[in-house]
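See below for the structure under consideration.
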Ligand SMILES: NC(=O)c1ccc[n+]([C@@H]2O[C@H](COP(=O)([O-])OP(=O)(O)OC[C@H]3O[C@@H](n4cnc5c(N)ncnc54)[C@H](OP(=O)(O)O)[C@@H]3O)[C@@H](O)[C@H]2O)c1
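In our numbering, the protein residues as written are 4 to 318.
This is the structure we're talking about:
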């Protein structure tokens, strides 16, 4: 176990302070010189705003071959041009509303048709919904966007990830999940009772982190190394629109999008991460998945979650 994969233990207050801008700048002092392989084919979702936009630009500057999955064609086209001018070796844009499983599957079909190995998949697209809604496919939207879409992308792109020889998946979760213990009865009900946006968001992120933990050993045997990261608290358009009060109070300590995205870029590109899987990273350091026993799910819920996602992966 290397230095950065040994889960870092902090006091509870220290752990939360690490989410902030000052927390990032303190952590940055221990970042070592990077050895990056950037001639990779990287599939990034949610590239038009916030952390995804910062990630796309950094990877473009580093010369990556980018596939950007976005939902707005005009913004996608402008970003493609920007990434090419920043130095991306290549850049293509695929249009999808990732809250729709049919669109997610269309992204997979398009990439499989190209038959081009995928070195890195970054599941970054996300949103916190303060009001409950179901998608046109009848699925509660947080579940669809934050859990099912990333899981379906992982599974659908697995052959292309394996074809890369050694590949990575970066699942962007949230420190908010520390507040939640997975409740499968609540998730299965589509959060129909007592809907609470931040709690539902955190449930979906918690669920994605559990799937990553459950799958990583088996996937590593096939040369696909899957990890999660949380970006701390970054001042992005997503936070500004979904959590205006939180943002107003905490603005003075929020990170910039670049600071929040730093670990995503590091996980995609740094050679030191070769062969590492099953970790949750913040600021290039593995962190605990749970800060207390209360948020640890029951084994029955863990099993029920795997069976829930498999219904969608195989359908
Ligand atoms: N910022 C934070 O402090 C923070 C903390 C913890 C976790 N996160 C996670 O970090 C990730 C990025 O968040 P952010 O803060 O950068 O938010 P953001 O500024 O709102 O960016 C979110 C990105 O996801 C895309 N997206 C949202 N819904 C989509 C959909 N249905 N289909 C396709 N793309 C969709 C957005 O597209 P449009 O540009 O078209 O809206 C945008 O590009 C998310 O997974 C979020 O949960 C953020």
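Even glycine gets a Cβ: it sits at the ideal position worked out from N, Cα and C.
Reduced DSSP secondary structure (H/G/I, E/B, other) of residue i
i: residue 300; result: coil
i: residue 23; result: coil
i: residue 100; result: coil
i: residue 37; result: coil
i: residue 59; result: helix
i: residue 91; result: coil
i: residue 288; result: strand
i: residue 249; result: helix
i: residue 366; result: In the structure displayed, the chain extends from 4 to 318; residue 366 sits before or after that span and is not available.
i: residue 171; result: strand
i: residue 11; result: strand
i: residue 124; result: strand
i: residue 85; result: helix
i: residue 283; result: strand
i: residue 137; result: strand
i: residue 237; result: strand
i: residue 143; result: strand
i: residue 149; result: helix
i: residue 79; result: helix
i: residue 277; result: coil
i: residue 30; result: helix
i: residue 310; result: helix
i: residue 176; result: coil
i: residue 131; result: coil
i: residue 183; result: coil
i: residue 315; result: helix
i: residue 197; result: coil
i: residue 294; result: coil
i: residue 257; result: coil
Limits of the unbroken beta strand (DSSP E) element including residue i
i: residue 215; result: First-last for residue 215: 200-224, but that is the alpha helix (DSSP H), not the beta strand (DSSP E).
i: residue 107; result: Careful: residue 107 lies outside any beta strand (DSSP E), inside the alpha helix (DSSP H) at 104-117.
i: residue 69; result: 68-73
i: residue 48; result: 44-48
Run of the alpha helix (DSSP H) containing residue i, from where it starts to where it stops
i: residue 242; result: 240-245
i: residue 155; result: 152-166
i: residue 344; result: Nothing can be reported for residue 344: it is not among the residues displayed for the chain, which extend from 4 to 318.
i: residue 190; result: 187-191
Cβ-Cβ distance between residue i and residue j below 7 Å
i: residue 286; j: residue 257; result: no
i: residue 205; j: residue 10; result: no
i: residue 8; j: residue 242; result: no
i: residue 88; j: residue 68; result: no
i: residue 111; j: residue 172; result: no
i: residue 71; j: residue 59; result: yes
i: residue 193; j: residue 143; result: yes
i: residue 207; j: residue 146; result: yes
i: residue 102; j: residue 150; result: no
i: residue 83; j: residue 96; result: yes
i: residue 309; j: residue 217; result: yes
i: residue 174; j: residue 231; result: yes
i: residue 121; j: residue 44; result: yes
i: residue 307; j: residue 187; result: yes
i: residue 155; j: residue 316; result: yes
i: residue 48; j: residue 118; result: no
i: residue 245; j: residue 148; result: no
i: residue 163; j: residue 304; result: no
i: residue 264; j: residue 14; result: no
Integer Cβ distance of residue i from residue j, believed to fall under 8 Å
i: residue 166; j: residue 123; result: Not a contact, Cβ separation roughly 13 Å.
i: residue 39; j: residue 65; result: 6 Å
i: residue 283; j: residue 219; result: Contact doesn't hold; Cβ gap of about 11 Å is too wide.
i: residue 140; j: residue 104; result: 6 Å
i: residue 46; j: residue 125; result: 7 Å
i: residue 133; j: residue 200; result: 4 Å
i: residue 235; j: residue 27; result: 6 Å
i: residue 260; j: residue 53; result: 5 Å
i: residue 313; j: residue 182; result: Actually they do not touch by this definition, with Cβ atoms about 27 Å apart.
i: residue 135; j: residue 100; result: Actually they are not in contact, since the Cβ atoms of residue 135 and residue 100 sit about 18 Å apart, beyond 8 Å.
Below-7 Å beta-carbon distance, residue i vs any chain B residue
i: residue 59; result: This model lacks chain B altogether; it includes just one protein chain.
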